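Note that the sequence shown covers residues 1 to 389 in our numbering.
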Amino acid sequence: MKLKAFIKVMLKGLVREWKVTVFTFIIFPVVTSLLYGYFQEDLFTPENIMSKFYINIIDKDKSQTSIGLKELFNSESLKDFIVVTEDKEKLQAEVVIPKGYESALTDLKEEEIVVKQLTEKGEPAIVAVSSIIDKYNKAMQERILINDKIVKSSLSTEGKEELRMDIVEKFKSFQTEKSIKTNIYTEGKSLTSFQYYSISIFSFISLVLIGSLTTSYYTERENGLVKRYLAAPISKIQFFNYTLISNFIFAFIVNSLYVIIYKVSNVSFQGAYGILILILIILSILEATLAGFLVAFFKDKRIGGVFMQAFILLSVSVGGAFFPVDKVGGKIIAVLSNIAPNTHIIKVFKAYMLENTMSSIFNPLMIMVIIAIMSYLISIIKVKVKWED
């Protein structure tokens, strides 16, 4: 049997069962995620972003540059967002400027400013303050480099001073209120409740889809279709690969339809189409290979079903499918979430929507790729040794 004919049979089955498929993998998860997003919207309200952060600054360097940094945090442009205080009851973070800070910047060396989190709710303050410090350091180093070039230039003394003053004015724009607001918003950005649940419910449905693919195979075997396929002039490896390819096509169609609904409505999955398509391809390959792994190793559908139920239970209990682990799960759940099979799906889509860059999605995407490759290779070995005898 040719691959084309095999895929044609699969697509006919998809068309025949389109009502069940659309309801199970598109309508149900979309409605569920929208309901969760609506009723838990308050949980995702970024209370700390653009509210006041209370910090203390310890200056051990006492240099012009360190004093300039302290003045920046005490400036008019920051007073509505960051309050420098010594009131221990209000403090969320502490900034320690080390001795030798200015000389390290002048020599273009790294001298770490320590930013300590003092309360459980101090993380947004840490993020905002650290980012402002990084931008200040970069601006100062650039200013030093430019100043050196001006000194070494052939300009007259008057021309050098004029150019220097012009550059100083441009660097002052770093301290404008608009710049600071943009900085805090950028560093503190997070998903809305609708965005989060569109991803988390999708990750849960991905496991349901894997279970559906395995169940479909077991049903075909019980109905004698698998034996009929293998009676044709086709090897077991070919048949197994054809099954994976048809499963991939089915998964990709279903996944794409779900995502398109959210993307077209501009509720979720905002970002570059190229990156989104890549993620959907990898996810669909992962779903197909994991389904292939289960049918390769477990002849009894009840055993395969037990494994799928365990995966689904993990995603529901610690995987963040129906609640955000980082907001309500606690430290123990946060650690356990790493073993949930849907966690990396959530991570890759979260990185895509927040950062929209290849570098941001690389790690979780590569984990998905590695799992898919390992599942396929192990399955192929099992098929070669003994399968459907």
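Even glycine gets a Cβ: it sits at the ideal position worked out from N, Cα and C.
Note that the structure is a prediction, hence the values are computed from the model and not measured.
The beta-carbon distance between Ile58 and Glu86, rounded to whole angstroms, is 10 Å. This is too long to meet the 8 Å contact definition.
Looking only at Lys19, Ser200 and Leu207, the smallest Cα-Cα distance to Ala321 is reached by Ser200. Closest option to Ile346, judged by alpha-carbon separation, among Pro324, Leu336 and Ser359: Pro324. Contact between Lys99 and Asp61 holds, with the beta-carbon distance rounding to 5 Å and staying under 8 Å. Sequence-distant Cβ neighbours of Val295 in its own chain, meaning closer than 6 Å and more than five residues away, are Thr214 and Tyr217. Taking the CA atoms as reference points, Phe44 sits about 9 Å from Gly37. Within the same chain, and ignoring the five residues on either side of Phe297 in sequence, the residues whose Cβ sits closer than 7 Å to its Cβ are Lys382. Glu17 sits in coil when the DSSP states are folded into three classes, being neither helix nor strand. Looking from the CA of Ile237, the closest CA among Ser77, Ser379 and Gln64 belongs to Ser379. Residue nearest to Leu354 within the set Ile275, Gln309 and Thr32 is Ile275 (criterion: CA-CA distance).
Remark: three or more beta-carbon pairs, one from each stretch, lie closer than 8 Å, so the region 275-291 and the region 245-252 are flagged as touching. Per DSSP, Ala321 lies in no alpha helix (DSSP H) and is assigned neither H nor E.
Taking the Cα of Tyr229 as reference, the smallest distance to any Cα among Phe204, Glu388 and Ile367 is reached at Glu388. Between Leu365 and Val348, the gap from beta carbon to beta carbon is short of 7 Å. Between Ala340 and Ser315, the C-beta gap is smaller than 7 Å, which places the two residues in contact. Within the same chain, and ignoring the five residues on either side of Trp18 in sequence, no residue has its Cβ closer than 7 Å to its Cβ.
With fewer than 16 other beta carbons inside 10 angstroms of its own, Glu89 counts as exposed. Pairing Lys52 with Val83 gives a Cβ-Cβ distance under 7 Å. Judged by DSSP secondary structure, Phe53 falls within the beta strand (DSSP E) whose first and last residues are Phe53 to Asp59.
If you draw a straight line from the Cα of Tyr54 to the Cα of Ser66, it comes to about 19 Å. The three-state reading of DSSP puts Lys299 in coil, since its state is none of H, G, I, E or B. The beta carbon of Asn56 sits closer than 6 Å to the beta carbons of Glu86, Leu91 and Glu94 from its chain, once the five residues preceding and following it are set aside; these are given in chain order. Check the Cα spacing between Ile281 and each of Tyr101, Asn255 and Asp80: the tightest is with Asn255. Taking 8 Å as the upper bound for CB-CB distance, Leu34 and Phe194 are in contact here, some 7 Å apart. The alpha carbon of Val369 has as its nearest neighbour, out of Phe311, His344 and Leu313, the alpha carbon of His344. When DSSP states are grouped into helix, strand and coil, Glu222 belongs to the helix group.
Taking C-alpha positions only, Val259 is separated from Phe25 by approximately 11 Å. DSSP places Ala93 in the uninterrupted beta strand (DSSP E) bounded by Ala93 to Ile97. Pairing Thr357 with Asn137, the inter-Cα distance amounts to about 25 Å.
When the Cα atoms are used, Ser284 and Ile210 turn out to be separated by approximately 10 Å.
Counting the other CB atoms within 10 Å of its CB gives Thr21 a total of 16 or more, which places it among the buried residues.
For the 7 Å CB-CB criterion, Tyr262 and Ser198 form a contact. DSSP, reduced to helix, strand and coil, places Ile339 within a helical segment of the structure shown. If you look at Ile82, you'll find it in the beta strand (DSSP E) that goes Ile82 to Val84.
When the five nearest sequence neighbours on each side are left out, the beta carbons in the same chain lying within less than 8 Å of the beta carbon of Ile279 are those of Val348, Phe349, Tyr352, Ile361 and Leu365, in order along the chain.
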